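See below for the structure under consideration.
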């Protein structure tokens, strides 16, 4: 299994053209409908290989793209979202350094 | 040849070599290969058959420029309309007051940039959007126009091929008409000659009948003459006297009766 291959469960004659935002494995309950008590078993059923993680990240990225970047008429929303996400991420990884620039000692 | 007609028709629009691929002949038939891998199963029997990804026309709705609308409506049932906004205000208040978000020099630079960006988006956003939308529409129309042009081209080719088929059929009909013509002429000549033969035969038969009639008449005439001659010769004076006497006796008998 090399990089950039189609998922193993994808079958062109059955699924049609490839949709990168779609999960082609065995269908399971969506995460929004999993009850709190079932979370353990739900997580246990997941595929925890690195390629599965990459697949999940890639599908999430494509789903976001399908919704905000690929439509015919998009606004500034994707740029702002990416900007703010970038800002938050870099603030988080630099927090140790920024902590020392506080203006007040007691909050 | 059909291929030459096709090539001549689309001289201006296509390269000559690519058209050889489109011409369907008996030795090199075009194979109907589907464009999408799944277009073999376009019916709804197979699951997912024909489900191409359609590009949405409008993006997901956002509030405040970047927050998805679903986040706000998700809490409507629990907290009402103002719930998410209150959450936002409280969160930012907490981050600023506890100085988790430090207002250092980078923050003030970012704030200035934020003000500029919001100003530009609010004032010029719609106009820029309109310009970009019109460009996208022009591109889409161009692509669709290309498809339409090709379809029209093929329709023209089809029509011309059908015309040529009709002309070929017309040629066949022409040949049939010519054959009919020739056969009619033959019939006419045949009847003419038949009439000639009939007339010739009739003439000869009439000649024979006339000849026999003439001969019969001549024979009759000569026979009569000969008979009368012989009879006149056989009348002797003796016989004449007897005939006269008998006649006188008959006359006197008749006169006596009357």
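Protein chains in written order, with the numbering used here: chain C, 3 to 109; chain A, 25 to 282. Virtual Cβ for every residue (Gly too), placed ideally from N, Cα, C. Remember, predicted model here, so these are calculated numbers, not experimental data.
Asked, Found
"Within chain A, partners of residue 79 of chain C - CB distance below 7 Å", "83, 86, 89, 90"
"Interfacial residues, the stretch 136-168 of chain A to chain C, with Cβ spacing under 9 Å", "141, 145, 149, 153, 156, 157, 160, 161, 164"
"Assigned exposure category for residue 108 of chain A - 16 Cβ within 10 Å defines buried", "buried"
"Neighbour flag for residue 100 of chain C against chain A, beta carbons, 8 Å", "yes"
"Cβ pair count under 8 Å reaching 3, the stretch 77-96 of chain A against the stretch 69-87 of chain C", "yes"
"Extent of the continuous alpha helix (DSSP H) run through residue 220 of chain A", "129-258"
"8 Å Cβ cutoff, residue 202 of chain A in contact with chain C", "no"
"Collapsed DSSP secondary structure at residue 263 of chain A in the structure displayed", "helix"
"Strand pairing of residue 91 of chain C, partner residues [DSSP]", "Beta-bridge pairing links residue 91 of chain C to no other residue."
"Min CB distance residue 61 of chain C to chain A below 8 Å", "no"
"Residue 243 of chain A to residue 234 of chain A span [Cα, whole Å]", "14 Å"
"Chain A contact residues for residue 104 of chain C, given Cβ-Cβ distances below 8 Å", "123, 126"
"Proximity test, Cβ basis, 8 Å: residue 77 of chain A and chain C", "yes"
"Proximity test, Cβ basis, 8 Å: residue 21 of chain C and chain A", "yes"
"Cβ of residue 86 of chain C within 8 Å of any chain A Cβ", "yes"
"Proximal residues to residue 96 of chain A (C-beta, below 7 Å), its chain only, five neighbours per side dropped", "87, 108"
"Chain-ordered neighbours of residue 67 of chain C on chain B, where CB pairs are closer than 7 Å", "In summary, chain B is missing from the structure at hand, where the protein chains are C and A."
"Closer than 9 Å at the beta carbon, the chain A residues around residue 33 of chain C", "What residue 33 of chain C touches in chain A: nothing, since even the nearest Cβ is about 14 Å away."
"Residue span of the alpha helix (DSSP H) that contains residue 20 of chain C, given as start and end", "Here residue 20 of chain C belongs to no alpha helix (DSSP H), and DSSP marks it neither H nor E."
"Residue 7 of chain C - containing alpha helix (DSSP H), residue span", "That residue, residue 7 of chain C, is in no alpha helix (DSSP H); it is neither H nor E in DSSP."
"Best match in A:174, A:222, A:81 for proximity to residue 68 of chain C [C-alpha to C-alpha]", "A:81"
"Three-state class that DSSP yields for residue 86 of chain A in the structure shown", "strand"
"Contact under 8 Å by Cβ, residue 34 of chain C with residue 11 of chain C", "no"
"The alpha helix (DSSP H) enclosing residue 93 of chain A, as first and last residue numbers", "93-98"
"Residue 17 of chain C classed as buried or exposed, judged by whether at least 16 other C-beta atoms fall within 10 angstroms", "buried"
"Proximity below 8 Å, CB of residue 122 of chain A to CB of residue 109 of chain C", "yes"
"Cβ-Cβ separation, residue 22 of chain C to residue 60 of chain C (assumed contact under 8 Å), whole Å", "7 Å"
"Length of the line joining the Cα atoms of residue 53 of chain A and residue 62 of chain C", "45 Å"
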